[in-house]
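Accompanying notes for the structure given below.
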Amino acid sequence: MTTLLISDLHLHAGAPEIAEGFLAYLERQARHAGALYILGDFFEAWIGDDYQGAFETRILEALAQLTQGGTRLYFMHGNRDFLIGDGFAQATGATLLPDPSIVDLDGERVLLMHGDSLCTRDEAYMKFRAMARDPQWQAQILALPVEQRLELAKNLRSQSGEANSNKAEDIMDVTPDEVIATMATHGVRTLIHGHTHRPAVHELEVDGEVARRMVLGDWQPNQGWEIRAEDGGGLELRRFAL
Numbered sequence: 073m074t075t076l077l078i079s080d081l082h083l084h085a086g087a088p089e090i091a092e093g094f095l096a097y098l099e100r101q102a103r104h105a106g107a108l109y110i111l112g113d114f115f116e117a118w119i120g121d122d123y124q125g126a127f128e129t130r131i132l133e134a135l136a137q138l139t140q141g142g143t144r145l146y147f148m149h150g151n152r153d154f155l156i157g158d159g160f161a162q163a164t165g166a167t168l169l170p171d172p173s174i175v176d177l178d179g180e181r182v183l184l185m186h187g188d189s190l191c192t193r194d195e196a197y198m199k200f201r202a203m204a205r206d207p208q209w210q211a212q213i214l215a216l217p218v219e220q221r222l223e224l225a226k227n228l229r230s231q232s233g234e235a236n237s238n239k240a241e242d243i244m245d246v247t248p249d250e251v252i253a254t255m256a257t258h259g260v261r262t263l264i265h266g267h268t269h270r271p272a273v274h275e276l277e278v279d280g281e282v283a284r285r286m287v288l289g290d291w292q293p294n295q296g297w298e299i300r301a302e303d304g305g306g307l308e309l310r311r312f313a314l
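Residues 73 to 314 in our numbering are what the sequence shown spells out, letter by letter.
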């Protein structure tokens, strides 16, 4: 049975090519898989399960059709869609995963993360992450009227873009020591994450053993990224045309 892992689609109505490519991906690839894992930043922004425009509704309906067809769906929050909750899970048939989570892929214990918690050199972002993942802060945001939440999401995206444009490239990447410490703590030799938009397979050493960090890429109008796990066939990072 095939397991698929994707992340960082940043879906929104202003990028119809990526949305249409994803819907085609569900029909052509995901519906034939045993499971699909989405490791965060699935949407460019999510202001709460109580708000769904026509675009969001179409995506959720497609995910529901996927799970109704027998494909298991797992979702992990990213830094863009951390307000996804039980309403999303109920509407789509998805299982919400904590970050990090350990799963079995092709007989191996594999650590799954969104990846942002590994970027510890970006101190400003880590402060924001701690606030944004706080249940009390989230409850305060969700209590705001929809119009205010939409404006807040717009402002946060703008501030994030401005801040990132002034940061050194290495600050926005993972901290190598944090990666090794995290893998050692969880006793794994394979880590899969997204967030950094730097798709690659990195070899490293954890507790004297060979290990690997597999990084999913972000989707563009002409291409997507996945990790495909086949029973007996290992794990493969793949780029494909949308």
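We treat Cβ as the ideally placed atom computed from N, Cα and C, and that holds for glycine.
Subject >> Outcome for F94 when other beta-carbon atoms lying within 10 angstroms are tallied against a minimum of 16 >> reply: Taking all protein chains shown into account, F94 has 16 or more neighbouring C-beta atoms within 10 Å of its C-beta and is therefore buried.
**OP:** Figure out for me which residue from G187, A102, E89 and L138 has the closest Cα to the Cα of T254.
**Re:** G187
Original post:
When the distance is taken between beta carbons, is M73 closer than 8 angstroms to D303?
Top reply: yes
**OP:** From the DSSP output, in three-state form, read off T129 for me.
**Re:** helix
Original post:
Are M198 and D171 closer than 8 angstroms when you measure CB to CB?
Top reply: no
**OP:** Just grab the DSSP bridge partners of A256 for me.
**Re:** According to DSSP, which records beta bridges pairwise, A256 is partnered with nothing at all.
Subject >> Of the listed residues H82, P248 and T164, nearest to S189 (C-alpha basis) >> reply: P248
**OP:** Take M203 and list the residues in its own chain whose beta-carbon comes closer than 7 angstroms to its own, dropping the five residues that flank it on each side.
**Re:** W209
Original post:
When you compare each of E89, L108 and D80 to A117 by their alpha carbons, which one comes out closest?
Top reply: That would be D80, whose Cα lies nearest to the Cα of A117.
Subject >> Straight-line Cα distance separating E223 from Q231 >> reply: When rounded, the distance between both Cα atoms is 12 angstroms.
**OP:** Could you tell me the distance, in whole angstroms, from the CA atom of H104 to the CA atom of T143?
**Re:** 7 angstroms
Original post:
Which value, in whole angstroms, describes the spacing of the CA atoms of L76 and Y109?
Top reply: 6 angstroms
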